[in-house]
Amino acid sequence: MISIIVTLTKYMILLLMLLYTFLCFTVFNKKTEKGRKKVLRKQIVLIMFFLMTAFFTMFLQTMEIQMIILFGEITAYVIGVQILYRLVYKKASILLLNNMCMLMSVGIVILSRLNFGLAQKQFLLIVAGTGMSLLVPVIVRKVKLLKDLTWVYGGAGICLLAAVLLLAQVSGGAKLSVGMGEGGPTFQLSELVKIIYVFFLAGMLTKDITFRHVAITTVAAAAHVLILVVSKDLGTAVVFFTAYLVLVYVATKNPVYPLAGLSGGALASVGAYYLFSHVRVRVQAWQDPFYDYKVGGYQIAQALFAICAGGWFGTGLFEGSPTAIPVATQDFAFAAICEELGGIFAICVILVCMSCFLMIVNISMRLSKKFYKLIALGLGAEYAIQVFLTVGGNIKFIPMTGITLPLVSYGGSSMICSIMMFAIIQGLYILRDDEYEQREQEKAQSVRRRNDAVRKTRGYSLNEEEKSLEEKITEQTEKSLNW
Numbered sequence: 189m190i191s192i193i194v195t196l197t198k199y200m201i202l203l204l205m206l207l208y209t210f211l212c213f214t215v216f217n218k219k220t221e222k223g224r225k226k227v228l229r230k231q232i233v234l235i236m237f238f239l240m241t242a243f244f245t246m247f248l249q250t251m252e253i254q255m256i257i258l259f260g261e262i263t264a265y266v267i268g269v270q271i272l273y274r275l276v277y278k279k280a281s282i283l284l285l286n287n288m289c290m291l292m293s294v295g296i297v298i299l300s301r302l303n304f305g306l307a308q309k310q311f312l313l314i315v316a317g318t319g320m321s322l323l324v325p326v327i328v329r330k331v332k333l334l335k336d337l338t339w340v341y342g343g344a345g346i347c348l349l350a351a352v353l354l355l356a357q358v359s360g361g362a363k364l365s366v367g368m369g370e371g372g373p374t375f376q377l378s379e380l381v382k383i384i385y386v387f388f389l390a391g392m393l394t395k396d397i398t399f400r401h402v403a404i405t406t407v408a409a410a411a412h413v414l415i416l417v418v419s420k421d422l423g424t425a426v427v428f429f430t431a432y433l434v435l436v437y438v439a440t441k442n443p444v445y446p447l448a449g450l451s452g453g454a455l456a457s458v459g460a461y462y463l464f465s466h467v468r469v470r471v472q473a474w475q476d477p478f479y480d481y482k483v484g485g486y487q488i489a490q491a492l493f494a495i496c497a498g499g500w501f502g503t504g505l506f507e508g509s510p511t512a513i514p515v516a517t518q519d520f521a522f523a524a525i526c527e528e529l530g531g532i533f534a535i536c537v538i539l540v541c542m543s544c545f546l547m548i549v550n551i552s553m554r555l556s557k558k559f560y561k562l563i564a565l566g567l568g569a570e571y572a573i574q575v576f577l578t579v580g581g582n583i584k585f586i587p588m589t590g591i592t593l594p595l596v597s598y599g600g601s602s603m604i605c606s607i608m609m610f611a612i613i614q615g616l617y618i619l620r621d622d623e624y625e626q627r628e629q630e631k632a633q634s635v636r637r638r639n640d641a642v643r644k645t646r647g648y649s650l651n652e653e654e655k656s657l658e659e660k661i662t663e664q665t666e667k668s669l670n671w
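See the structure below:
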């Protein structure tokens with residue numbers, strides 16, 4: 189009986205994810221605000237049903253009451269964060285918020301399947317990260333000093349990365365995290381530097397885009413990347429390098445800079461292959477994971493087995509063997525999703541990530557101030573390349589880089605900084621609406637002044653009925669702008 193229920197819920201979970209993904213891209217077709225709000229409310233309902241179905245299935249498989257408790261906690265979180273954003277930030281992007289909640293929900297579900305203890309820790313990190321991020325949108329919106337701290341961002345980023353290089357222990361062939369004593373918590377400082385690095389590049393490229401200034405920016409950006417290379421954290425180095433290429437091209441509109449950067453990056457990749465043994469192991473495993481199956485190719489081979497075993501529809505929760513994949517909770521979370529939730533579900537996860545990226549790009553294109561525009565594009569580029577590196581490494585499209593899937597994979601520093609990144613984007617979205625309102629109000633005032641000047645020139649004055657009509661039009665305009 190339980191096996192029948194698990195099979196049915198497997199298809200129910202897939203259907204709910206398909207509907208949610210479909211709504212991500214149809215919400216923009218709604219011409220009225222009422223229609224868009226209706227679609228966004230449907231997304232929240234789908235998230236609730238997804239969580240309920242997934243945790244009900246896992247409860248039937250394990251008969252552990254902790255599954256029900258965690259379901260209640262994550263459900264309360266989703267409802268609470270939706271209410272908080274609507275109360276505190278009425279102009280926030282609900283679609284971006286919904287996507288963040290959905291990706292977190294998928295992450296909690298797959299972690300609960302793989303390692304329930306890590307799922308509980310991940311939930312606490314989500315709550316902590318959300319609490320810390322609630323002030324971020326208002327800081328982005330109100331604090332004008334942010335664009336004047338360019339070299340503070342650059343200096344802080346280099347110092348933090350240098351601290352990792354000097355103090356971190358080697359893990360997986362690279363120096364990644366700084367620990368707080370033996371057995372204490374660890375912090376992957378490069379996750380924080382990803383954010384302030386974008387602020388540094390945006391500040392530099394907003395001030396000046398002459399060759400000399402771009403060269404200075406390049407040297408500073410190269411310092412960040414080189415420290416990561418020396419630390420052997422090559423996946424993060426690729427993320428930093430990609431953000432640099434995108435921002436330099438967008439700021440200068442000169443294709444020579446990114447082409448030169450790509451050429452240098454290609455040479456650096458060849459150099460890394462010959463300099464670092466663990467890079468050679470990963471490349472060889474990518475080329476033929478079964479040649480040295482028990483050593484270098486074991487991870488990717490197990491990931492490919494899991495993806496093939498899941499097929500399009502998945503085996504169902506607790507019906508596969510995703511725990512056989514090394515570091516399935518982090519680097520190979522996508523492969524675990526493919527096995528038990530199915531290839532179609534995994535494609536939907538990618539599409540939801542793509543929806544987030546397109547939303548970030550849309551926000552960037554509508555911002556008038558270059559500094560904020562570059563920040564949005566830089567963070568969007570970092571998010572997109574992280575998703576590409578993770579998914580590409582899991583499906584053997586590219587060599588594995590050790591990058592986690594944002595908001596889905598387990599990781600304290602990664603989760604908190606991803607939430608912060610989304611909070612910054614929310615702040616920029618609100619700032620975009622503020623700029624639009626200001627422009628529209630300035631236009632309305634300009635038209636009003638021009639009409640008053642014309643009336644004075646012609647000696648014409650409005651009667652009471654015309655004045656009342658003009659006041660109503662002005663009031664309706666202001667209401668729509670505030671909305």
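For what it's worth, my numbering labels the leading residue of the sequence shown as 189, then goes sequentially.
All residues carry an ideal CB built from backbone N, CA and C; glycine is no exception.
From a predicted model like this one, the values you see are computed outputs, not experimental measurements.
**Q.** Residues that F375 bridges to, as DSSP identifies them
**A.** According to DSSP, F375 bridges with V366.
Q: Look at the Cβ atom of L546, then the Cβ atom of G295, and state whether they are nearer than 8 Å.
A: In this structure, G295 does not lie closer than 8 Å to L546 by Cβ.
Q.
Taking the beta carbon of A439 as the centre, do at least 16 other beta carbons fall within 10 Å, making it buried, or is it exposed?
A. So A439 counts as buried.
(Q) Would the region 577-584 count as touching the region 281-296 if we require 3 or more Cβ pairs under 8 Å? (A) With the rule of 3 Cβ pairs closer than 8 Å, the region 577-584 does not count as touching the region 281-296.
Q) Is D476 buried or exposed, if buried means 16 or more other CB atoms sit within 10 Å of its CB? A) Classification of D476: exposed, given that the 10 Å Cβ count is below 16.
Q) Of the choices L234, T197 and M200, whose alpha-carbon is the least far from that of C212? A) Of L234, T197 and M200, the smallest CA-CA separation from C212 is found for L234.
**Q.** Straight-line Cα distance separating F388 from V315
**A.** Straight-line spacing of the CA atoms in V315 and F388 works out to 28 Å.
Q) Using the rule of at least 16 other Cβ atoms within 10 Å of the residue's Cβ for burial, across every protein chain shown, is E252 buried or exposed? A) E252 comes out exposed.
Q. Taking Cβ to Cβ, would you say A523 is nearer than 8 Å to I513?
A. Cβ distance < 8 Å, so A523 and I513 count as in contact.
Q.
Taking the alpha-carbon of D336 as reference, which of L312, V352, L364 and M392 has the nearest alpha-carbon?
A. Cα-wise, what sits closest to D336 is M392.
Q) So what's Y462 in DSSP terms, helix, strand or just coil? A) If DSSP states are grouped into helix, strand and coil, Y462 belongs with the helices.
Q | Spatial distance of F520 from A491 (CA atoms) | A | Taking the straight line from one Cα to the other gives about 7 Å.
**Q.** 6 Å CB neighbourhood of F501 in its chain, flanking five on each side removed
**A.** Close CB contacts of F501 within its chain, under the 6 Å cut and outside five residues either way in sequence, are with G530 (chain order).
(Q) So, with DSSP's three-state summary, where would you put N582? (A) Residue state for N582 is assigned as helix, using DSSP reduced to three classes.
**Q.** Span separating the alpha-carbon of R224 from that of N217
**A.** Near 8 Å, if we compare the C-alpha coordinates of N217 and R224.
**Q.** V515, DSSP secondary structure in three states
**A.** Of the three classes helix, strand and coil, the one that applies to V515 here is coil, per DSSP.
Q) Excluding the five sequence neighbours on either side, which residues of its own chain have a C-beta within less than 7 Å of the C-beta of C526, listed in chain order? A) If we look at C526 and ignore the five residues flanking it on each side, its Cβ neighbours are A494, I495, G498 and A534.
Q. Quick one, are the C-beta atoms of F464 and K420 less than 8 Å apart?
A. Contact: yes.
Q. Are I604 and G317 close, meaning C-beta to C-beta below 8 Å?
A. In this structure, G317 lies closer than 8 Å to I604 by Cβ.
**Q.** Residue from M200, A489, K557 and T517 whose Cα sits closest to the Cα of I583
**A.** Per the Cα distances, A489.
Q. Using the C-alpha atoms, what's the distance from Q487 back to F478?
A. When the Cα atoms are used, F478 and Q487 turn out to be separated by approximately 10 Å.
Q.
Please classify C347 as buried or exposed, where buried requires at least 16 other C-beta atoms within 10 Å of its C-beta.
A. Burial call: exposed.
**Q.** Chain-order list of residues whose beta-carbon lies under 7 Å from that of C536 (same chain, five-residue window excluded)
**A.** Result list for C536: M205, L206 and T209, in chain order.
Q) For M553, which of helix, strand or coil comes out of DSSP? A) In the structure shown, M553 sits in a helix (DSSP, three-state: H, G or I).
Q: Quick one: using the 10 Å Cβ neighbour count with 16 as the cut-off for buried, is I415 buried or exposed?
A: Burial call: buried.
Q) Where does L595 fall in DSSP's three states? A) Coil, per DSSP.
Q. Taking DSSP as the reference, what is the three-state secondary structure of W500?
A. Looking at W500 - three-state DSSP - the assignment turns out to be coil, as it is neither helix nor strand.
Q | A264 to Q308 span [Cα, whole Å] | A | Spanning the two alpha carbons is a distance of roughly 14 Å.
Q. By how many angstroms is the C-alpha of R620 removed from the C-alpha of L228?
A. Cα to Cα, the separation comes out at about 20 Å.
Q) For K395, which residues from the same chain have a beta carbon less than 8 Å from its beta carbon, with the 5 sequence-adjacent residues on both sides left out? A) So the qualifying residues of the chain are T338 and H401.
Q. Where do the N-terminal and C-terminal ends of the alpha helix (DSSP H) with V407 fall, by residue?
A. Unbroken alpha helix (DSSP H) run through V407: F399 to V418.
Q) If we count Cβ pairs, one from each stretch, closer than 8 Å, do we get three or more for the region 242-251 versus the region 266-283? A) Contact between the region 242-251 and the region 266-283 is absent: fewer than three C-beta pairs spanning the two stretches fall below 8 Å.
Q: Within the region 235-295, note down every full alpha helix (DSSP H) run reaching 4 residues or more, in order along the chain.
A: Scanning the region 235-295 for uninterrupted alpha helix (DSSP H) segments of 4 residues or longer gives 253-276, listed from N- to C-terminal end.
Q) In whole angstroms, what is the alpha-carbon distance linking L355 and C544? A) In a straight line, the C-alpha of L355 is about 35 Å away from that of C544.
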